[in-house]
Amino acid sequence: MNFLSYEPKDKTVDFSRIERMQKKMTDRKASICPERAEIITEVFRETEGEPMIVRRAKALDRILEKMTIYIDDDTLIVGNQASKNFAAPVFPEYSYDWVIEELDEFEKRTGDMFYITEETKERLKAIAPYWKGKTHADEVQENLPHDVKQAQKQNVIHCGGISMSGDGHIIPNHEMLLEKGYGGLKKIAEENLKKEGLTQEQKEFYEAAVISLGAVLKYIKRYSVLAAEMAQVETDEKRKSELLEISEMCKNLMEGGARSFYEAVETIYLTHLLMMIESNGHSFSFGRFDQYIYPYYEKDMKAGVINKDRALEIITHFFIQTNSINKVRPWDHTQYSAGYPLYSNLILGGLKPDGTDGTNDLSYLCLEAMNLNRLPEPNLSVRYHDGTPRSLIVDAAKLIRTGFGQPSMFADDVVIPAMQTLDIDLETARDYASMGCVEVAIPGKWGHRATGMTYINFGKIMELVMNNGYDPESGVQIVSITGKQGRDIDYKSYDEVWAAWKKLLKFYTDLAVECDLVCDRSLKYYDSDSFASSLVDCCLERGKTLKNGGAKYDYVSQSNIGMSVVGDSLAVIKKLVFEEKTVTMQELRNALDSNWQGETGLRLRKLCRNVPKFGNDDDYVDELVVDVFNSYLDLLPDYKTDRAGRGPIGCGYTMSTSNISSYVPNGMDVGATPDGRLAGSPLNEGASPCLGADLNGPTSVINSVSKLPNKRMAGGQLLNMRFSPGLLEGEENLDKFVAFLETTKGKNIFHNQFNIIDSQTLRAAKERPEEHGNLMVRVAGYCALFTSLMPEAQDAIIARTEYGANN
1 MNFLSYEPKD KTVDFSRIER MQKKMTDRKA SICPERAEII TEVFRETEGE
51 PMIVRRAKAL DRILEKMTIY IDDDTLIVGN QASKNFAAPV FPEYSYDWVI
101 EELDEFEKRT GDMFYITEET KERLKAIAPY WKGKTHADEV QENLPHDVKQ
151 AQKQNVIHCG GISMSGDGHI IPNHEMLLEK GYGGLKKIAE ENLKKEGLTQ
201 EQKEFYEAAV ISLGAVLKYI KRYSVLAAEM AQVETDEKRK SELLEISEMC
251 KNLMEGGARS FYEAVETIYL THLLMMIESN GHSFSFGRFD QYIYPYYEKD
301 MKAGVINKDR ALEIITHFFI QTNSINKVRP WDHTQYSAGY PLYSNLILGG
351 LKPDGTDGTN DLSYLCLEAM NLNRLPEPNL SVRYHDGTPR SLIVDAAKLI
401 RTGFGQPSMF ADDVVIPAMQ TLDIDLETAR DYASMGCVEV AIPGKWGHRA
451 TGMTYINFGK IMELVMNNGY DPESGVQIVS ITGKQGRDID YKSYDEVWAA
501 WKKLLKFYTD LAVECDLVCD RSLKYYDSDS FASSLVDCCL ERGKTLKNGG
551 AKYDYVSQSN IGMSVVGDSL AVIKKLVFEE KTVTMQELRN ALDSNWQGET
601 GLRLRKLCRN VPKFGNDDDY VDELVVDVFN SYLDLLPDYK TDRAGRGPIG
651 CGYTMSTSNI SSYVPNGMDV GATPDGRLAG SPLNEGASPC LGADLNGPTS
701 VINSVSKLPN KRMAGGQLLN MRFSPGLLEG EENLDKFVAF LETTKGKNIF
751 HNQFNIIDSQ TLRAAKERPE EHGNLMVRVA GYCALFTSLM PEAQDAIIAR
801 TEYGANN
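UniProt numbering puts the first residue of the sequence shown at 1, with every later residue one more than the last.
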């Protein structure tokens, strides 16, 4: 096996089985599991009229009691979400109509395909009548304002997961959990339930927390029994010993605090898994793993309980096991989240709250574990700053060089000031962690959704600017720039175009915030998660779920898609129409209507493509892209979440460009744009330049992105770059890449991530997927197996600029 820098010495540690486990995860097939859906239906029928939070807790108790459990061959980490590896449970309480409508389509998908048996189809059909009109999605649709629905028809805004899924997007307080255990938290809830003067909300929360925390303790004990039974028939003595150790560990695991490194790691995995069983949200993340696990590692190392090899083995098994979990989404939302992602971020290194560097042995061992894992989950990130040991950056660079897309890099010098733009002190801001793709939050102190609220299609708004608010595709016009109906508009100056942009941006952002509020108010009821909420600061103290204001901090952001497209388009209008006057606005509109076809269209497209583009370190266009960012940021102080006044600090909005793979389907909804982009083609990803627009190499991209208001982007700023593998070959080139990374952290770059793969390999994988089943790529703020992506997402990755020796 290939290691980055570490050389294992303990011959009793079997690293060879990691390859077997990895192959099993690579070869597995996604399927649909009906067990959870059937069990929760059974419980909800029995508990009609009871408080929703208590019904959900009782449902979790029954699910964990009755669901199938198993222990995979070889693994040291136990816990499963569904009846099979990589099977996705169904969560009918959030949305169900689409499940029934797509039963016969799951196996026909062009990406994120799921196998489903006829028996499973019948079992899911059998419970469908109960859920008619009773889901979170039903509640949302009933309460969405008319204009929001019209904006959805225009494809300007997209509700996404918040309208039909659990919320997810939290990082538990792992330190508290490992210290107290589920049993300790349960005792806190029991004591609080005895207090006088409780509100009805508090009584229901504490009752539910007692039930759910007790349920997970019983669930863990099931694995103790199962492991003992498996050990009785196991013929391999080493595996028998491991199963007996698992059985003994699970007898009393988390009745109190974690007693060892092994228990701590197992607990972190189980907590993640259990939150995924309670709710079908995603982006449940692991936070600063190397920081909160280190005391258990240090204690066991000093006592001789483990050595580095054993620790590396346990971490690697944990990493591999996270890939057994899955989530199924409706097809229209799947296009926004291509590649079966769960966005389970785990971050290493960075400053500690006291301002000292947090790099330790586990930081390096986690990089080695990911090198052995080479699977999409967890979504690994590294924090770095001026005091980060160069050896950690080198190991991160070596892992990036392997070409499977991990880790991504976060610059403390940018992210910490960005967090301080919120009402967060320096010490707290230093403790940030990545969550999901590139969003950041304070572990154990943040409510749901640092990002990922309503998606806003900036590219579509640009199209509406060109058409007086009229959408040529749907024929819908909600707002007019001129005050008159119809698409006719005659701009006399660039300032008028810019005023139109700001008018439409505010109009649709207002609608998006309305959409957020409707979804949040519904989720307060349908996603009342007593287990997950018990793991975040202040919830047990206040007797509130996260959605009701239980967390210490509460900031959210929407997903903003296409800022570079807008900036590049504005540059064309400003330069060609109003400065050089070589093209009239009507001629430009006619070319857009024809998708640049015909002799005139082709000529005008060539002119437009030659106007400066973002990503080439050209102030002319870069400043316009900055204007686009600021135009949105300037709106945010006026918006509040539903939790305002209910307890948390903040309850406001920040900005994020963490738009996952949505830049592809959003582009499908946008006609030709003035920058020369063809109708239906992808928008730009995150804060990256438009596809193929960056012609002057990676340094110019960094210089352009460095001009953006990155220190105001507390929701996360995504930059994706692709390098030719040859550019990083050898020690000299590796040193150059490390120098590049060290330079970017001082250039106001919030985040950077890399694909190290050539276009030829990607094209071959698209044409012959059977030969490239384990090819992993960076899609957006997450990684996925390339062959699992829909063709449009594959093409978008192939179209990214590949920086080679000539750049």
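Here a beta-carbon is modelled for each residue, glycine too, at the ideal position from N, C-alpha and C. None of these values were measured; they are calculated from a predicted model.
Look at Val583 here: in three-state DSSP terms it is coil, with no helix or strand label.
Each residue's CA atom was taken as its position, placing Gly781 and Leu511 some 26 Å apart.
The Cβ atoms of Pro689 and Gly615 sit closer than 9 Å to each other. Collapsing the DSSP output to three states places Gln335 in coil. Take the alpha-carbon of Leu217 and the one of Ser480: they are about 58 Å apart. For Glu802, the three-state secondary structure derived from DSSP is strand.
The closest CA to that of Glu50, considering only Ile170, Gln200, Asn2 and Gln152, is found on Gln200. Its Cα nearest to that of Ser530, the residue Arg56 stands out among Glu298, Val705, Arg56 and Thr421. One alpha carbon belongs to Tyr96, the other to Leu60, and they sit about 19 Å apart. With fewer than three CB-CB distances shorter than 8 Å, the segment 226 to 238 does not count as touching the segment 201 to 208.
Here Ala126 is exposed. Its C-beta has fewer than 16 other C-beta atoms within 10 Å. DSSP places Val210 outside any beta strand (DSSP E); the residue lies instead in the alpha helix (DSSP H), whose first and last residues are Gln200 to Val233. Remark: fewer than three beta-carbon pairs, one from each stretch, lie closer than 8 Å, so the segment 249 to 259 and the segment 299 to 312 are not flagged as touching. The three-state secondary structure of Thr428, taken from DSSP, is helix.
The Cβ neighbour count for Thr545, taken over all protein chains shown within 10 Å, is at least 16; the residue is labelled buried. The way I'd put it, the segment 320 to 328 doesn't touch the segment 141 to 160; fewer than three beta-carbon pairs between them come closer than 8 Å.
The segment 603 to 610 and the segment 670 to 677 touch, with no fewer than 3 CB-CB distances between them shorter than 8 Å. Residue ranges of uninterrupted beta strand (DSSP E) with 3 or more members, entirely inside the segment 403 to 485 and ordered along the chain, are 408 to 411, 433 to 435, 439 to 441 and 455 to 457. When Asn280, Leu124, Pro389 and Phe3 are compared, the shortest CA-CA separation from Glu35 is found for Leu124.
By the Cβ test, the segment 654 to 672 is not in contact with the segment 532 to 539, since fewer than three Cβ pairs between them sit closer than 8 Å.
Excluding its 5 nearest sequence neighbours in each direction, Lys524 has C-beta neighbours in its own chain below 8 Å: Thr545, Lys547, Asn548 and Asp642, listed in chain order. With respect to the C-alpha of Ser724, the residue from Glu514, Asp758, Arg712 and Lys581 having the closest C-alpha is Asp758.
Per DSSP, the unbroken beta strand (DSSP E) holding Tyr384 starts and ends at Asn379 to Tyr384. Taking all protein chains shown into account, Lys84 has 16 or more neighbouring C-beta atoms within 10 Å of its C-beta and is therefore buried. Annotation for Ile347: the continuous beta strand (DSSP E) segment containing it runs Asn345 to Gly349. In the three-state DSSP reduction, Leu785 falls in the strand class (E or B). In terms of Cβ geometry, Val738 and Arg383 do not form a close pair [threshold 9 Å]. Short of 6 Å from the beta carbon of Asp112, and not among the five residues preceding or following it, lie these beta carbons of its own chain, in chain order: Thr334 and Tyr340.
When beta bridges are read from the DSSP output, Val497 appears opposite no residue. Thr654 is bridged by DSSP to Ser557. As the crow flies, the alpha-carbon of Pro89 is around 23 Å from that of Ser661.
Annotation for Ile400: the continuous alpha helix (DSSP H) segment containing it runs Arg390 to Arg401. The Cβ neighbour count for Asn2, taken over all protein chains shown within 10 Å, is under 16; the residue is labelled exposed.
In the three-state reduction of the DSSP assignment, Pro769 falls in the helix class, which pools H, G and I.
Using a Cβ-Cβ distance cut-off of 8 Å, the segment 342 to 353 and the segment 275 to 290 are in contact, since at least three pairs of beta carbons, one from each stretch, lie closer than that value. The shortest C-alpha to C-alpha distance from Asp516 to any of Asp104, Asn173, Cys159 and Cys250 is the one to Cys159.
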